[in-house]
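A.B. asks: Right, I'll just put the structure down here and ask away after.
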Amino acid sequence: MSLPYNGAGCGDLFNPVISMATQVSGMLVISHFFQILLKPLGQAAPISQFLAGFVIGPSGLSRIRQVKEFFFPNFASDYYETLMLSSRIVIMFLIGLEMDFPYLFRNKRPATVIACSTSFMCTLFAGAVTSFIHEETKSHGPRVMMWLMITVILSNTAAPVMVRLAIDLKIANSDIGRMAISSTIIGDIYAVILLAVITKIKRNYSMFMWISFALIYIGIVVAVIFLNVYVVNWMNRRNYNKKYLTNTEFFCLLAIVFVTANALETMGVSSILACLVIGIMFPRGGKAARTLSIKLSYSVNTFILPIYFGYIGFRADFSSINTLGRFVVIFLVMLLSIGGKITGTLLACSHLKIPLNEGVLISFLMNLKGHVDLLTLSIGMQDKVIMNQEFYNLMVTAIVINTIVWGPIITFMVKRERDVLEFRHIAFEAQNPNSELRLLACVHGPRPVATMVGLIYASRGSDTIPITPHLMHLIELPEKTKTNLMYNQLEADELSDDDDYGGNDVVEINDAVDIFTADTGVMIHQVKVVSPFMNMYLDVCEFALDVRASIIILPFHKHQRIDGKLECGKEGIRTTNQKVLRNAQCTVAILVDRGLMAGASNMSGDSLQHVAILFFGGPDDREALGFSKRLGMHHHINLTVIRFLPPPGTRGHIGVNIAHKEKDVLMAIPDLENDADTAALTDFYNRYVTSGQVGFVEKQVENGAETASALRDMVGMYSMFIVGKGGRRHSPLTTGMSDWEECPELGTVGDFLASAEFDLSGSVLVIQRHRPSKKDKNLQ
1 MSLPYNGAGC GDLFNPVISM ATQVSGMLVI SHFFQILLKP LGQAAPISQF LAGFVIGPSG
61 LSRIRQVKEF FFPNFASDYY ETLMLSSRIV IMFLIGLEMD FPYLFRNKRP ATVIACSTSF
121 MCTLFAGAVT SFIHEETKSH GPRVMMWLMI TVILSNTAAP VMVRLAIDLK IANSDIGRMA
181 ISSTIIGDIY AVILLAVITK IKRNYSMFMW ISFALIYIGI VVAVIFLNVY VVNWMNRRNY
241 NKKYLTNTEF FCLLAIVFVT ANALETMGVS SILACLVIGI MFPRGGKAAR TLSIKLSYSV
301 NTFILPIYFG YIGFRADFSS INTLGRFVVI FLVMLLSIGG KITGTLLACS HLKIPLNEGV
361 LISFLMNLKG HVDLLTLSIG MQDKVIMNQE FYNLMVTAIV INTIVWGPII TFMVKRERDV
421 LEFRHIAFEA QNPNSELRLL ACVHGPRPVA TMVGLIYASR GSDTIPITPH LMHLIELPEK
481 TKTNLMYNQL EADELSDDDD YGGNDVVEIN DAVDIFTADT GVMIHQVKVV SPFMNMYLDV
541 CEFALDVRAS IIILPFHKHQ RIDGKLECGK EGIRTTNQKV LRNAQCTVAI LVDRGLMAGA
601 SNMSGDSLQH VAILFFGGPD DREALGFSKR LGMHHHINLT VIRFLPPPGT RGHIGVNIAH
661 KEKDVLMAIP DLENDADTAA LTDFYNRYVT SGQVGFVEKQ VENGAETASA LRDMVGMYSM
721 FIVGKGGRRH SPLTTGMSDW EECPELGTVG DFLASAEFDL SGSVLVIQRH RPSKKDKNLQ
C-alpha cells in the first residue's frame, strides 16, 4: 500500500525522522545565529536558545501557516515529547556526573537551609495567589491540585539552565556559583516530590501503594548504582591499554541509564531524580567516567541543550495574553517567583551570615525556569489534573518569559558584581592551611606524573582537608599544522585510539592518575590542551583563572636521565614556563623532578618522606613557607625548615646618609621586608615547630660559597627541597651563586639546586608568589 505524498516527506514511512531532523536543524541554526548576536553583549547560550525556540514558536514564525506546517506538523508533538524525555535523561545524568558532590556534602547545611527557605516561601506565595488564578482561568479542577502545581512552578529552578548559565558566565567555580548549584539540586528534590504527589493523588493510591512505589523506586536506583560499579570496573580492566572505552561499551553504559529511566517513567514516576543520583554515584576515575564525560559534554552542550532549551521556548504563546486579567496572571507568577526566591534566600543568608549582595545574586540564579515545572504541567494535562487549557498556556508562557527576562538581568548583575565574583588570589602566607586547596598541575608527558601526583597528595595535608586538583596535559600543536577545530572538538576527535594528539602518553598518564585515585580516593580532574608553544601559556593561565587555582605547578624543561643527569627537553616548554610566571594570576611553582617523591604509594604504610624548605627571606620564600604548612600537616611528610642567616657580627641596621649643612646624620630606615620575614617565621615556629610537627634548623653563612657548601652537605638527606624563586633584595648569603646561573626562572638558589654539577638526589620545587599587575592593584 502506498502512502500519498503530502510535502516535506509527509507521506513517507520515515516522515517522523525527516520531520524531526528538519525541525532540529532549523532550531540549531537560529539558536547559533542568536548566540553570534548576543555573545558580544555578554549573554549566555541558554538565553539565545530560549529565544530561538520563542521566535520559531506560536508567537513568532509559526504564526505563518506554511512555516508551522513545514516545521511543526501536528503529529510531531508526540515525537518531540519523546525527544525531550531522552534529552532530560542525558542532561540530568551528566549534571550528576560532573557535579562537585564533595562540595555539596561539605556545605549541605547552608545549601539545604537556602533551598528549604526558598521552597517554603514559594509555597506560601502559591497559596496566596491560587484562588485568583483559579477564578481568572475559569478552571474546574480542585484548588489543592492547582496550588501544588503553582508551588512547583514558583519553587523549582531549572538545573540545566542554571548550571549552563553559570558556566557561560564563568561563576560555576566561585563560592556563589557552587552554592547556587548545590541549593538548586536540593530544591529540585522538593519539586520532584511535589510532582510525584500530584500524580499519585490523581490516581487515588493508598498509603501502602505510596510506600511500595517509594521502595521500588529506591530499590531500582540502588541496584543500578551497584550494577554500574561492577560493569565499570570490568570495563576499565578490559581496556587497560586503551585511552577510552569503545563506542559499544559507551552505549552499553548509557543504555543502563536509559532503561532505568524509561522503566521509572513507565511506572508513572519521574526519572529526573534517579538520573541525577545515578550520575552522582557513578564511579569516578578510570576510563569509563572519562569517556562518558568527554563524549556527553560535547554532545549535550553542542546539540542536546540547544534543542532542549529551544523546545521550551517554542512552547510559549503570546497570543494567549489577550486580556488584562491574563496579563496580570503572568505578571503575578513572575513577580511571586522572584519574590519567593529573594525573600527565602535573604532570610537564609541572614541566618547563615552570607553578605546581602551575594544572597541577591543566588536568589536570581535560582529563579531560572523551564524543567520540572514544564514537566509538571505536561503531566497535569496528560492525567487531566489541569481541567483548563487556558491555565496551561498561561503558565507555560510565564515560565518561558521568566527565564528570557531574568537571564539578561542575571548577566548584568554578574558584570556589576564582578569585583566580588572575580577571582582574587590569596597568598599561601595568608591562607588558612585547613581551607580548600585548588591547584593546577601541568605535564607535557608521563615522566613527571608520578612525582606530580605525589606532590598533590602531600599538598593536601590532613585527609580531612578538601582538595580540588586538576591535571592538565599540554600537547604541542606544530604551528605548520592547519586546523579549524575548537578545543572541545579536539577532545571529541581524540576518542579514537589511533589519534595523533598525545599518542601513547595519554594512556600512561591516565593509568597513573587512575592508580593514584584508587589508592588515595582523591579525584584528579583531567584536561587536555592542544596548542602551539607560543600560545600555550594563555590556555594554562585562563584555565587556572576559571577553576580559581591557588597555585600552578609546572614541570621543569629538563628531565632526569638514567645516570642521574638532567637533560634538556624542548625549548618551548621553558618558554611556556617563563610566560606563565609573568602572566599567571596566582602562585606559580616549577618542579624539578628527580623522581624520589613518586606517587602516593611512596607515602603509604610506614614510609616517611623528608622534605626541606630553604628560607633566605623575601616574599617568595614566605610564600614557600606558607605552602609548606600544608605539607607539614601530612602524616607521611617529615618537614624541616632550614633558615639561612649571616653570622651575628655581620647583622646590622640599614641606613642612609642624609647630608646636612653642619654634619652627617645616619637615619635608620625600618627594614619592612626583614620584619615581614621575622613575623612569618615567628608565627610558623609558634604554631608548628613548638608542637613538634615541623623541624627547624638555623644555618649561619657569610656568602654564597658557604651557602653552596651547606647545600651540598644536604645531598641524600631530603627527597624534596622547597625554595622561593627570589623576590628578595640583594643578599650577601647568595652573593656569587648567580655567576653560573643558567635558568633565571628558578632564581639563584633554585638554579643552583637544579644545576648539572650539583649532585642532588632530591626533587626541587621553586615557588614564585603572585606578582600583582597594575590592574590587580587597582582592584585592591
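Residue numbers (the UniProt record's numbering): 1 to 780. All C-beta atoms in this analysis are idealised placements derived from N, C-alpha and C, irrespective of residue type, glycine included. Quick caveat: nothing in here was measured; it's all calculated off a predicted structure.
Does the segment 515-526 come into contact with the segment 411-423, if we say contact requires no fewer than three beta-carbon pairs (one atom in each stretch) closer than 8 Å?
C.D. replies: Short answer: they don't touch.
A.B. asks: If we ignore side chains and look at the alpha-carbon of each, how far apart do Leu336 and Gly60 end up?
C.D. replies: In a straight line, the C-alpha of Leu336 is about 27 Å away from that of Gly60.
A.B. asks: So, is Leu227 buried or exposed, given that buried needs 16 or more other C-beta atoms within 10 angstroms?
C.D. replies: Looking at its Cβ environment, which holds fewer than 16 other Cβ atoms inside 10 Å, Leu227 is exposed.
A.B. asks: Between the C-alpha atoms of Pro732 and Arg643, what's the straight-line distance to the nearest angstrom?
C.D. replies: If I take the Cα positions, the gap works out to 14 Å.
A.B. asks: Could you name the residues that DSSP lists as bridge partners for Glu567?
C.D. replies: In the DSSP output, where bridge partners are listed per residue, Glu567 has His559.
A.B. asks: Any idea what DSSP makes of Glu422, helix, strand or coil?
C.D. replies: DSSP places Glu422 in coil when its eight states are reduced to three.
A.B. asks: Could you pull the start and end residues of the alpha helix (DSSP H) that residue 784 belongs to?
C.D. replies: Residue 784 cannot be examined here, being either before or after the span of the chain that is shown, 1 to 780.
A.B. asks: Tell me Cys442's beta-bridge partners as DSSP assigns them.
C.D. replies: In DSSP, Cys442 forms a bridge with Met472.
A.B. asks: Whole angstroms are fine: how far does the CA of Asp675 sit from the CA of Ala668?
C.D. replies: With a pLDDT of only 40 at Ala668, under 50, the local geometry of the prediction cannot be trusted, and the value read off the model is given with reservation. Their backbone Cα atoms lie some 14 Å apart in a straight line.
A.B. asks: For the putative contact between Pro160 and Leu305, defined by C-beta atoms under 8 Å, what is the C-beta separation to the nearest angstrom?
C.D. replies: At roughly 7 Å, the Cβ-Cβ gap stays under 8 Å, so Pro160 and Leu305 are in contact.
A.B. asks: Pick from Met20, Ala458, Met720 and Ala196: whose alpha carbon is nearest that of His636?
C.D. replies: It is Ala458 whose Cα lies nearest to the Cα of His636.
A.B. asks: May I ask which residues mark the beginning and end of the beta strand (DSSP E) holding Asn357?
C.D. replies: Premise fails: Asn357 lies in the alpha helix (DSSP H), Leu356 to Leu365, not in any beta strand (DSSP E).
A.B. asks: When you compare each of Ala589, Ala21, Phe318 and Thr184 to Leu365 by their alpha carbons, which one comes out closest?
C.D. replies: Nearest C-alpha to Leu365: Thr184.
A.B. asks: Among the residues of its own chain, which have a CB less than 8 Å from the CB of Thr130, if the five just before and after it don't count?
C.D. replies: If we look at Thr130 and ignore the five residues flanking it on each side, its Cβ neighbours are Arg143, Met146, Trp147 and Ile150.
A.B. asks: Taking one C-beta from the segment 419-429 and one from the segment 621-633 each time, how about it: are there three or more such pairs within less than 8 Å?
C.D. replies: In short, these stretches touch, since the Cβ pair count reaches three.
A.B. asks: Just to check my reading of the structure: Leu154 and Phe125 have Cβ atoms closer than 8 Å, yes? What is that Cβ distance to the nearest angstrom?
C.D. replies: Rounded, the Cβ-Cβ distance is 6 Å, consistent with contact.
A.B. asks: CA-CA distance, Gly595 and Pro555?
C.D. replies: Each residue's alpha carbon lies about 12 Å from the other.
A.B. asks: Report all residues from its chain with a CB closer than 7 Å to the CB of Glu623; omit the five preceding and five following residues, and keep chain order.
C.D. replies: Excluding positions up to five away in sequence, the list reads Ala427, Phe428, Glu429, Thr587, Gly724, Ile767 and Arg769.
A.B. asks: Are Tyr537 and Asn504 touching if we call contact CB-CB under 8 Å?
C.D. replies: No, Cβ-Cβ distance for Tyr537 and Asn504 is not below 8 Å.
A.B. asks: Measuring alpha carbon to alpha carbon, tell me which residue in Asp677, Gly632, Arg574 and Asn577 is nearest Phe615.
C.D. replies: Taking only the C-alpha atoms, the option nearest Phe615 is Asp677.
A.B. asks: Measure the alpha-carbon distance for residue 801 versus Ala398 and round it to whole angstroms.
C.D. replies: Past the edges of the chain, shown from 1 to 780, lies residue 801, and the structure says nothing about it.
A.B. asks: Provide the residue(s) that pair with Thr587 in DSSP beta bridges, ordered along the chain.
C.D. replies: Per DSSP, Ile551.
A.B. asks: Among the residues of its own chain, which have a CB less than 8 Å from the CB of Phe684, if the five just before and after it don't count?
C.D. replies: Leu625, Lys629, Val641 and Val694.
A.B. asks: Out of Lys528, Leu566, Glu571 and Glu508, which has the shortest C-alpha to C-alpha gap to Met534?
C.D. replies: Among Lys528, Leu566, Glu571 and Glu508, the Cα nearest to that of Met534 belongs to Glu571.
A.B. asks: Looking only at its own chain, which residues have a Cβ that is under 7 Å from the Cβ of Leu169, when we skip the five neighbours before and after it?
C.D. replies: Excluding sequence neighbours, Leu169 sits near Ala44, Thr411 and Val414.
A.B. asks: In angstroms with no decimal places, state the Cα-to-Cα distance between Phe250 and Ala288.
C.D. replies: In a straight line, the C-alpha of Phe250 is about 8 Å away from that of Ala288.
A.B. asks: Starting from Met534 and walking both ways along the beta strand (DSSP E), at which residues does that stretch end?
C.D. replies: No beta strand (DSSP E) contains Met534, which is instead part of the alpha helix (DSSP H) from Phe533 to Asp546.
A.B. asks: Nearest CA to the CA of Leu245: which residue from Met281, Thr291, Leu215 and Met209?
C.D. replies: That would be Thr291, whose Cα lies nearest to the Cα of Leu245.
A.B. asks: Can you give the Cα-Cα distance for Met395 and Gly370, rounded to whole angstroms?
C.D. replies: In a straight line, the C-alpha of Met395 is about 11 Å away from that of Gly370.
A.B. asks: Can you give me the start and stop residues for the beta strand (DSSP E) that His610 sits inside?
C.D. replies: First-last of the beta strand (DSSP E) with His610: Gln609 to Phe615.
A.B. asks: When burial is assigned at 16 or more other CB atoms within 10 Å of the CB, is Trp234 buried or exposed?
C.D. replies: Exposed is the call here.
A.B. asks: Spatial neighbours of Tyr80 within its chain, please: CB distance less than 7 Å, with the 5 preceding and 5 following residues excluded, ordered by chain position.
C.D. replies: Closer than 7 Å at Cβ, skipping near neighbours: Tyr311.
A.B. asks: Taking DSSP as the reference, what is the three-state secondary structure of Lys242?
C.D. replies: Coil.
A.B. asks: How should Met717 be labelled, buried or exposed, when 16 other C-beta atoms within 10 angstroms of its C-beta is the threshold for buried?
C.D. replies: It is exposed - the Cβ of Met717 has fewer than 16 other Cβ atoms within 10 Å.
A.B. asks: Between the C-alpha atoms of Ile307 and Val689, what's the straight-line distance to the nearest angstrom?
C.D. replies: Cα-Cα distance, rounded: 60 Å.
A.B. asks: Between the Cα of Ala166 and those of Gly359, Asp751 and Arg178, spot the shortest distance and give me the residue it belongs to.
C.D. replies: Here the closest residue by C-alpha is Arg178.
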